[in-house]
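Engineer: Under the numbering used here, the final residue of the sequence shown carries the number 1067; numbering is consecutive throughout.
Don't be surprised by glycine CBs; every beta carbon is placed ideally from N, CA and C.
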Amino acid sequence: MSDRENKLRKKWVCRIFSVAMISTLGIILNNIVPIEKTNIAYAAESTKTPTNSAAGQLSVGEFADKPQVKVPIDLEKEKNDQKSVDAGHSPWKLDPIFVTQVFVSLKISPEGIQGDYPIKYEELKVIKNNGKVAIIEVPGDKTPIRRVYLERLIRQDSTGIWTVIGYDPVTNK
895 MSDRENKLRK KWVCRIFSVA MISTLGIILN NIVPIEKTNI AYAAESTKTP
945 TNSAAGQLSV GEFADKPQVK VPIDLEKEKN DQKSVDAGHS PWKLDPIFVT
995 QVFVSLKISP EGIQGDYPIK YEELKVIKNN GKVAIIEVPG DKTPIRRVYL
1045 ERLIRQDSTG IWTVIGYDPV TNK
């Protein structure tokens, strides 16, 4: 075998060894810090998109978890809100937790929010977020809502606004 063939063989062996080591490291890290279902499985589960219905309203795509109460959505308003955010206004609509905070606060105080929000941002817990669909849990006894369901309806990337599409009310036990 020539020197050139030996060098090529060594390169291939090194590359195969590198791939094997990276794969082994990935398996070890996944056992130490497992990848949660929200990162992989829910991304596959929420591939269905919203569909238009009568009067410019939107019906919700299939969720692994469905909201008990659906919120009517005006698609034209959402498109205008997206344009507004693209122009630099209302950047909070890019954050599903902030959108949830505003939505729940307005359910608590429909006349408007004065002063601090009745629900603290830090209290809200992300149950699922795959970048297109999010579910936020609302703890505490100050709220009539337990979970809020959001989707990026207009644009499904980091520049898309979040829209509340439904919620679960607090159930009395």
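#1: With DSSP as the reference, identify every bridge partner of Ala1028, one or two as the case may be.
#2: First and last residue of the alpha helix (DSSP H) that includes Ile991?
#3: Could you check which residue in Arg1049, Ser1052, Glu972 and Ile991 has the C-alpha nearest to that of Lys1022?
#4: Do you know offhand how far Asp897's Cα is from Ile916's?
#5: Nearest by alpha-carbon distance to Gly1060: which of Glu1017, Lys960 and Gly982 is it?
#6: Does the pairing of the segment 971-981 with the segment 1011-1029 give three or more beta-carbon distances under 8 Å?
#7: Does DSSP put Asp959 in a helix, in a strand, or in coil?
#8: Closer than 8 Å by C-beta to Ile847: which residues in its own chain qualify, once you throw out the five before and the five after it? Chain order, please.
#9: Could you give the C-beta distance for Thr994 and Ile1030, rounded to a whole number, given that I count them as a contact under 8 Å?
#10: What's the C-alpha gap between Val963 and Gly982?
Structural biologist: Based on what the coordinates show:
#1: Its beta-bridge partners are Asn1023 and Leu1044.
#2: Looking at the DSSP string, the run of the alpha helix (DSSP H) that includes Ile991 is Pro990 to Ile1002.
#3: Cα-wise, what sits closest to Lys1022 is Ile991.
#4: 28 Å
#5: Lys960
#6: no
#7: coil
#8: Any answer about residue 847 is impossible in this case: the structure gives the chain only from 895 up to 1067.
#9: 4 Å
#10: 31 Å
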